[in-house]
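The next block holds one structure in the form of structure tokens; read it before the comments.
Numbering (this note's numbering), first residue to last: 136 to 292.
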């Protein structure tokens, strides 16, 4: 089954870039300078930020649905990040190179399955999972730090 991974929309973070460090605190955010690569995966560009780049670390509600699984977590966003253009059935390198936790949800936003896989297996895992009609979408998390990475959705080609 075909799928598409979706990065976070840049527009949701643009208001943060011009804020002072003190103002960022009110948004549950802080500005950081990247010290190592890999390690700071931008959720808009779907790339690891470069050493020396400025990123915003912000608490982001990635599952705002009325559900017991409503969730938020810290995500990195590169300052002035260009949105990723992810093709159908493509798994970005920032996901392929990490241990990944996949969480599958139904249309009522209830988690109905989950798995932990090497990033190189994510494409195959999503293809198989989306053959199940009860799965409406998936959330992709980095398994070790647990950060939300992206969402994946069934598509018809």
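Ideal Cβ positions, reconstructed from N, Cα and C, are used throughout, including at glycine.
Taken through DSSP and simplified to helix, strand or coil, residue 225 comes out as coil. Within the region 198-276, the complete beta strand (DSSP E) segments of 3 residues or longer fall at 206-213, 234-240 and 246-253, listed in chain order.
With a beta-carbon spacing of about 6 angstroms, residue 282 and residue 276 fall inside the 8 angstroms limit used to define contacts. Per DSSP, the continuous beta strand (DSSP E) segment holding residue 164 begins and ends at 164-168.
Sorting 260, 146, 243 and 173 by C-alpha distance to the C-alpha of residue 249 places 260 at the top.
Between residue 178 and residue 142, the CB-CB gap stays under 8 angstroms.
Rounded to whole angstroms, residue 270 and residue 151 show a C-alpha spacing of 34 angstroms.
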